[in-house]
Amino acid sequence: MIPAQKEAIYVDNLLLRGSVVRNIEWVVGVVVFTGDDTKIMMNSGETPSKRSRIEKSLNFQITTQFGLLFILCFLSALLGGIYYGKDDSFQDEFVVKFQTGNSRSAPFFGFLTFWTSLILYQTIVPISLYVTIEIVKSYQAFFIASDKDMYDEKTGKRCIPKAWNLSDDLGQVEYIFSDKTGTLTQNIMEFRQCTIGGTIYGELFDEEHSAGELATARGEMETQLTRMFNNPYRDANSSFVSTTLYPDLEPEGRQSRSIIEFFTILAICHTVLA
2 MIPAQKEAIY VDNLLLRGSV VRNIEWVVGV VVFTGDDTKI MMNSGETPSK
52 RSRIEKSLNF QITTQFGLLF ILCFLSALLG GIYYGKDDSF QDEFVVKFQT
102 GNSRSAPFFG FLTFWTSLIL YQTIVPISLY VTIEIVKSYQ AFFIASDKDM
152 YDEKTGKRCI PKAWNLSDDL GQVEYIFSDK TGTLTQNIME FRQCTIGGTI
202 YGELFDEEHS AGELATARGE METQLTRMFN NPYRDANSSF VSTTLYPDLE
252 PEGRQSRSII EFFTILAICH TVLA
């Protein structure tokens with residue numbers, strides 16, 4: 002008999018899901034981290050639908066119209082069978098007689114009426130709407146691929162729509178993810194403009210077409226900087242060029258204090274831009 006003793010449960014004797022125990026005949030264990038609220042169960046849910054809103058709305062409308070079509074056909078068959086079972090005067094006036102052996106059957110007449118109504122009412126369901134939407138998507142994809150504003154001069158490539166339902170989701174953005182670590186930006190982010198106290202600082206120049214204007218503005222900012230204080234660590238080729246920053250920083254006032262606080266926060270904490 003094994004004497005009673007206490008054993009602690011910690012990370013070194015934790016067997017994760019899918020582990021294989023070898024070179025041992027038995028183990029004594031306690032099941033932990035189970036249930037619907039565990040991470041592995043919450044991550045093993047159904048794959049979210051990749052359909053666009055237009056496709057979801059269209060499928061709902063088609064399903065509703067199929068249901069309406071069935072109700073109309075069923076009511077037509079039911080009423081046709083009921084009225085066919087009445088006296089012969091009604092049949093002589095409104096019903097084209099047919100022979101079912103030697104007797105007339107109201108249920109059989111209702112069965113035929115159901116399929117006849119299905120043929121008559123089939124235009125309620127716009128099956129051709131799917132084809133029409135696919136044609137429209139094809140033209141929209143062509144226009145996206147032919148858009149000159151989406152042409153990248155550096156790579157010489159145009160926008161290539163790889164999904165036909167891309168145009169369905171345009172203008173329906175719910176979430177915007179921003180990133181400044183280089184994952185999405187290829188580590189080429191440059192600080193060019195900011196807003197401090199409602200005043201915009203930083204001038205945007207196209208370096209390829211406005212090289213002269215950029216050099217003039219950068220020289221003017223360098224002159225203002227050296228007049229105020231001597232900064233041995235300044236970058237002469239900084240991407241931030243503003244000819245109005247230092248004139249607002251020089252006099253004592255609310256705006257100058259806001260500028261100092263802004264760049265102080267920006268220097269010590271890159272996640273705060275206020």
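Letter by letter, the sequence shown follows residues 2 to 275 in the working numbering. Just so you know, even glycine gets a beta-carbon here, dropped at the ideal spot from N, CA and C.
By Cβ distance below 8 Å, which residues in the same chain neighbour serine 259 in space, the five residues on each side in sequence not counted? Ile197, Gly198
Where do the N-terminal and C-terminal ends of the alpha helix (DSSP H) with isoleucine 201 fall, by residue? Segment 200-202 is the beta strand (DSSP E) holding isoleucine 201; no alpha helix (DSSP H) there.
Could you check whether the segment 107-116 touches the segment 75-89, counting it as contact only if at least three pairs of C-beta atoms, one from each stretch, sit closer than 8 Å? yes
By Cβ distance, which residues of its chain are closer than 8 Å to threonine 245, with the 5 residues on each side in sequence left out? Thr200, Tyr202
Locate the beta strand (DSSP E) running through isoleucine 128, then write down its first and last residues. Isoleucine 128 -> no beta strand (DSSP E), and no H or E assigned at all.
Take the Cβ of arginine 18 as the centre, count every other Cβ of all protein chains shown within 10 Å, and call the residue buried at 16 or more, exposed below. exposed
Lysine 51: which of Val242, Gly213, Trp165 sits nearest, CA to CA? Trp165
Taking isoleucine 161 as part of the beta strand (DSSP E), name the residues at either end of that continuous run. Here isoleucine 161 belongs to no beta strand (DSSP E), and DSSP marks it neither H nor E.
Do the CB positions of alanine 146 and arginine 159 come within less than 7 Å of each other? yes
Buried or exposed: which applies to lysine 138, given that a residue is buried once 16 or more other Cβ atoms fall within 10 Å of its Cβ? buried
So, with DSSP's three-state summary, where would you put aspartate 153? strand
Can you round the beta-carbon distance between glutamate 1 and serine 239 to whole angstroms, since I take them to be within the 8 Å contact cut? For residue 1 there is no data in the structure shown, the boundaries of the chain being 2 and 275.
Status (buried if at least 16 other CB within 10 Å, exposed otherwise) for serine 20: exposed
Which same chain residues end up closer than 6 Å to threonine 265 when comparing Cβ atoms and leaving out the 5 residues on each side of it in sequence? none
Thinking C-alpha only, which one of Glu262, Leu59, Ile63, Thr117 is nearest glycine 1? As displayed, the chain neither begins before 2 nor continues past 275, which places residue 1 out of reach and without an answer.
Candidates Val132, Val33, Ile128, Glu221: which alpha carbon is nearest tyrosine 11's? Val33
Alpha carbons only, please: which of Leu171, Gln123, Asp153, Ser257 is nearest the one belonging to phenylalanine 71? Among Leu171, Gln123, Asp153, Ser257, the Cα nearest to that of phenylalanine 71 is on Gln123.
Residues bridged to isoleucine 197 by DSSP? Thr200
Three-state secondary structure (DSSP) at asparagine 103? Bear in mind that the predicted position of asparagine 103 carries a pLDDT of just 45, short of 50, making it too unreliable to give a figure here.
Taking Cβ positions, are phenylalanine 241 and phenylalanine 192 nearer each other than 7 Å? yes
Quick one: using the 10 Å Cβ neighbour count with 16 as the cut-off for buried, is tyrosine 131 buried or exposed? exposed
Comparing alpha-carbon positions, which option in Ile55, Gly36, Leu119 lies nearest serine 77? Leu119
Serine 58: buried (16+ other C-beta within 10 angstroms of its C-beta) or exposed? exposed
Looking at C-alpha atoms only, which residue of Met222, Tyr176, Gly68, Asn14 is the closest neighbour of aspartate 249? Met222
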